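First to last, the sequence lines map onto chains A and B.
For the first sequence, full-length UniProt numbering gives the first residue as 1, with consecutive numbering after it.
For the second sequence, full-length UniProt numbering gives the first residue as 1, with consecutive numbering after it.
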Amino acid sequence: MTTLDSSKEIQKNNSEINETHEDFRMFGLITFLIADGMTFAGFFAAYLTYKAVNPLPDGAIYELELPIPTLNTILLLVSSATFHKAGKALLKDKNSDSQKWLFFTAFLGIIFLICQLFEYFNLPFGLTDNLFASTFYALTGFHGLHVTLGTLMILIIAWQSRINGGRLNSQNIFPLEAVELYWHFVDGIWVILFIILYLL
Amino acid sequence: MTISIDPQKTNNKSLQPKGWLRYFSFSLDHKVIGIQYLVCGFLFYLIGGTLASAIRIELASPMSDFMPRDVYNQVLTLHGTIMIFLWIVPVVNGAFGNYLIPFYVGARDMAFPRLNAVAFWLIPPSGLMLVASYFVEGAAQAGWTAYPPLSITTPQSGQIIWILSVLLLGGSSIFGGINFIATIIKLRRPGLKLMQLPMYCWAMLGTSLLVVLSTPVLAGTLILLSFDIIANTGFFNPVLGGNVVVYQHLFWFYSHPAVYIMVLPAFGLVSEILPVHARKPLFGYTTMVFSIMGIVVLGLVVWAHHMFTSGTPPWMRLFFTIATAFIAVPTGIKFFNWVATLWGGKISINSAMLFSCGFIINFVFGGITGVALAQVPFDIHVHDTYFVVAHFHYIVYGGTVFIIFSSIYHWFPKVTGKMLNEKFGILHFIITFIGFNLCFAPQHWLGLNGMPRRVAEYDPQFQFINQISSIGALLMAISTIPFLINIFLSVRNGKDAGDNPWNALTPEWLTSSPPPVENWEEEAPLVEEPYGYGKQFSEQK
Ligand code: HEM
Ligand SMILES: [Cu+2]
Chain A
1 MTTLDSSKEI QKNNSEINET HEDFRMFGLI TFLIADGMTF AGFFAAYLTY
51 KAVNPLPDGA IYELELPIPT LNTILLLVSS ATFHKAGKAL LKDKNSDSQK
101 WLFFTAFLGI IFLICQLFEY FNLPFGLTDN LFASTFYALT GFHGLHVTLG
151 TLMILIIAWQ SRINGGRLNS QNIFPLEAVE LYWHFVDGIW VILFIILYLL
Chain B
1 MTISIDPQKT NNKSLQPKGW LRYFSFSLDH KVIGIQYLVC GFLFYLIGGT
51 LASAIRIELA SPMSDFMPRD VYNQVLTLHG TIMIFLWIVP VVNGAFGNYL
101 IPFYVGARDM AFPRLNAVAF WLIPPSGLML VASYFVEGAA QAGWTAYPPL
151 SITTPQSGQI IWILSVLLLG GSSIFGGINF IATIIKLRRP GLKLMQLPMY
201 CWAMLGTSLL VVLSTPVLAG TLILLSFDII ANTGFFNPVL GGNVVVYQHL
251 FWFYSHPAVY IMVLPAFGLV SEILPVHARK PLFGYTTMVF SIMGIVVLGL
301 VVWAHHMFTS GTPPWMRLFF TIATAFIAVP TGIKFFNWVA TLWGGKISIN
351 SAMLFSCGFI INFVFGGITG VALAQVPFDI HVHDTYFVVA HFHYIVYGGT
401 VFIIFSSIYH WFPKVTGKML NEKFGILHFI ITFIGFNLCF APQHWLGLNG
451 MPRRVAEYDP QFQFINQISS IGALLMAIST IPFLINIFLS VRNGKDAGDN
501 PWNALTPEWL TSSPPPVENW EEEAPLVEEP YGYGKQFSEQ K
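What follows is the structure, encoded as structure tokens:
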């Protein structure tokens, strides 16, 4: 059994009313991600409705280039795999391996963001040009915000796994698992976004 | 993996102020947070009520003579927003949920005490911000629905603050919802089955599902709306190619469930109160559970009944009419179960019971006008008239607010260890009930005869009925006086309540009043049947 706070003193003092429960923090996180997913669902629904009901006049339609977003899709899928590696390594208490994989994952996240910015700068339209442009930036921007937050969190846990036997180890793997779940979620949203926005 | 919940750590007693001062501190105790929600919500209710009185004073005469027209719109917007997002939603969910749910699942605190405190402490600042937005140039005046293009064309700084504040309140509500779901599903004491939970737990589970599934959509919508205002994008601006109806769909995808976020907890609370004061088991427990879940599912798919006049295609009208009518089935089941619970019971006429019965009466009335409104031809006739205003006040005031008062009378002895004075309580009920019906029943007439809502001026032919309505509103304002006096006197020198003044069977009454920080001195008691009233009696026979 692990405790939220492993300091022995506190445990000793209150052992009479200590209650144990199965870990429900992951459950809470999943609930949160469902909520977060609903925000995206709202955006997707709005985008698809616009596409169906408010089609743009011919001259105002832009062709989106595929190479960068495709590269970005690959980057994110690979990063999901490297993150998984990090978790595996931590479970075997190979902290430094785990840390390397984490840094690599964060690196992929940063490349993703750079590519996205690069794409933004080379697009022929700006935020307020027309309805499609606005929705495009809203969707990709909101997702990019998620990637940014995710990358920051990966860097934080990579920092935490720095010291052997420190905050992160095979006994206390929850922070890593939580960020991993979040990262897979952000990946999944990207795949849907990619299909809806670029391929449809 | 398991983790341990250590109440003394989370509620670090030694660090916390003693006595009533702890209600003003950052506490992680679910009971303190519950009371903080209640008191904070009530203060906003007083503000919202003052604004309502201002509205009714204005409407006592046909001309716009009490305040300028745009001020009227601002007051109306602030009133609606405060009442929904700062009074009803935080109180029926946050206040009673926090206080009762850990008791009901046999826990010593909520699943995530820190998140819980954060959820509460988002409310006072964003509420104050909302009130303050009235004083900036161009206060929000597009109503609590903030429909574009009105909300993007009227003066805007106030509207932006309005959006920010509603976003924060939505965040608070989502955090609360996550916490309730985790507490009810994961934190139940071993051996307590889902089908043994008191009804309020089920109601809160359903409500929290709605919160988690629909509030984020509102958040996304308001973010897009703020882009329209700040960055001049055109999501909802027809001039720029946008589509206002998309806003309405997204908005009502939240705001229809929001009415269930307001009434489902009230359903749960009334199901706790009636059995106690009628000394009978809750009738039809299983059907009650399934009707709650039915309402959750149906509640998520009927939003477009608010948009029958927005150019919805016929198939949509048909679908949403039928789906809405179906909600009457689970709601009707609940109604008949409550009546069956009362039937033949040993009813004690006290304030809690009176407010609960008042709720049932008002709610049925509001429900019937609701089914009427779901019929497209009728809705097209009365849309945006006072009929709608009357309908939803029968639900939110006659339903939810009545239950909030009923619950305060019911649980006050547990929270404070003191009884409330019944004479004041009954006086409070009588004035509220008369005032409420005097205020809102005549508005059905106004609506049927075509008086539009959200206007400061109206045709003089409606003056008499409007004056009756204003007198009712005055009575409602007066009714808070006996209530406040009662609370004040009883906290100071009310009769000692003892642990279980109502001889109730739900778990919170099996501990001392007020409860200790850890809820129970020893292990949480296992209540096999929360509604076993009269069992021994019938077994003896
Ligand atoms: C204290 C007694 C109350 C009175 C006298 C009162 C009165 C009014 C009046 C006259 C309006 C204007 C209707 C219109 O012109 O469209 C209104 C609107 C509204 N009220 Fe109340 N009200 C009261 C309590 C409440 C409560 C408890 C709620 C809680 C949810 C509430 C929610 C609303 C909402 C949402 C609106 C619509 C605002 C809008 O259309 O933007 N009211 N109320
Ligand atoms: Cu509705």
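We put the CB at the ideal spot given by N, CA and C, even for glycine.
These numbers were taken from a predicted model, which means no experiment stands behind them.
Going by Cα to Cα distance, which pick from the options is closest to residue i?
i, options, result
"F253 (chain B)", "B:H305, B:S291, B:P460, B:G242", "B:H305"
"Q461 (chain B)", "B:V364, B:L446, B:I471, B:L474", "B:L446"
"G59 (chain A)", "A:K88, A:L113, A:N130, A:L199", "A:N130"
"F335 (chain B)", "B:Y386, B:G399, B:F320, B:F308", "B:G399"
"G498 (chain B)", "B:T506, B:P413, B:Q463", "B:P413"
"L59 (chain B)", "B:I485, B:F378, B:Q443", "B:Q443"
"L167 (chain B)", "B:V245, B:L86, B:R114", "B:L86"
"T215 (chain B)", "B:P314, B:L300, B:W315, B:N73", "B:L300"
"Y72 (chain B)", "B:E521, B:V455, B:V89, B:V276", "B:V455"
According to the Cβ coordinates, are residue i and residue j closer than 8 Å?
i, j, result
"I82 (chain B)", "I47 (chain B)", "yes"
"G158 (chain B)", "A140 (chain B)", "yes"
"L76 (chain B)", "I55 (chain B)", "yes"
"N179 (chain B)", "N116 (chain B)", "yes"
"S208 (chain B)", "G177 (chain B)", "yes"
"V91 (chain B)", "I431 (chain B)", "no"
"L122 (chain B)", "G171 (chain B)", "yes"
"T341 (chain B)", "L264 (chain B)", "no"
"E518 (chain B)", "R108 (chain B)", "yes"
"H428 (chain B)", "S351 (chain B)", "yes"
"N54 (chain A)", "N169 (chain A)", "no"
"V147 (chain A)", "F112 (chain A)", "yes"
"F402 (chain B)", "F440 (chain B)", "no"
"Y104 (chain B)", "L205 (chain B)", "no"
Is residue i helix, strand or coil when you go by DSSP?
i, result
"Y198 (chain A)", "helix"
"K418 (chain B)", "strand"
"D29 (chain B)", "coil"
"D93 (chain A)", "coil"
"D58 (chain A)", "helix"
"D70 (chain B)", "helix"
"P109 (chain B)", "One detail in the question is off: residue 109 (chain B) reads as Asp in this sequence, not Pro. Note: D109 (chain B) maps to coil in three-state DSSP."
"T151 (chain A)", "helix"
"P275 (chain B)", "helix"
"T385 (chain B)", "strand"
"D379 (chain B)", "helix"
"P313 (chain B)", "coil"
"P62 (chain B)", "coil"
"D496 (chain B)", "strand"
"P452 (chain B)", "strand"
"Q11 (chain A)", "Its pLDDT being 36, under 50, Q11 (chain A) is placed unreliably by the model, and nothing is read from it."
In chain order, what residues of the same chain have a beta carbon less than 7 Å from the beta carbon of residue i, not counting five sequence neighbours either side?
i, result
"G345 (chain B)", "A278, R279, K280"
"G294 (chain B)", "P330"
"S53 (chain B)", "A473, A477"
"S151 (chain B)", "A142, Q159, L225"
"A374 (chain B)", "H305, T321, T324, A325"
For residue i, which residues in the same chain have their Cβ closer than 8 Å to its Cβ, ignoring the five residues on either side in sequence?
i, result
"I61 (chain A)", "F132"
"E457 (chain B)", "P62, M63, S64, R69"
"Y47 (chain A)", "T135, L139, I196, L197"
Since residue i meets chain A, which of its residues come closer than 7 Å, beta carbon to beta carbon?
i, result
"T221 (chain B)", "G42"
"L250 (chain B)", "G42, A46"
Taking 6 Å as the limit between beta carbons, can you name the residues of its chain near residue i, skipping five residues before and five after?
i, result
"I395 (chain B)", "G366"
"I68 (chain A)", "C115, E119"
"G241 (chain B)", "G234"
"A328 (chain B)", "V371"
Can you tell me whether residue i sits near ligand 4, meaning its C-beta is under 7 Å from at least one heavy atom of the ligand?
i, result
"H306 (chain B)", "In the structure on display, ligand 4 does not appear, and the ligands it does have are ligand 1 and ligand 2."
Who are the neighbours of residue i on chain B, taking C-beta pairs under 8 Å?
i, result
"N169 (chain A)", "Correct list: empty, because the minimum Cβ distance to chain B is about 13 Å."
"I34 (chain A)", "V212, L213"
"A158 (chain A)", "The contacting residues do not exist; A158 (chain A) stays about 22 Å from chain B at best."
For residue i, which residues in chain A fall below 8 Å Cβ to Cβ?
i, result
"A111 (chain B)", "F24, G28"
"V527 (chain B)", "Under the 8 Å cutoff, chain A gives no residues; its nearest Cβ is about 18 Å from V527 (chain B)."
In chain B, which residues lie with their C-beta within 7 Å of the C-beta of residue i?
i, result
"L127 (chain A)", "A231, T233"
"S161 (chain A)", "Simply none; closest approach about 18 Å."
Which bits of chain A does residue i rub up against, with CB to CB less than 9 Å?
i, result
"residue 561 (chain B)", "The first residue shown for chain B is 1 and the last is 541, placing residue 561 (chain B) beyond what the model contains."
"A182 (chain B)", "F24, R25, F27, G28, T31"
Contact list for the stretch 491-511 of chain B against chain D, Cβ threshold 9 Å: Included in the structure are the protein chains A and B, with no chain D among them.
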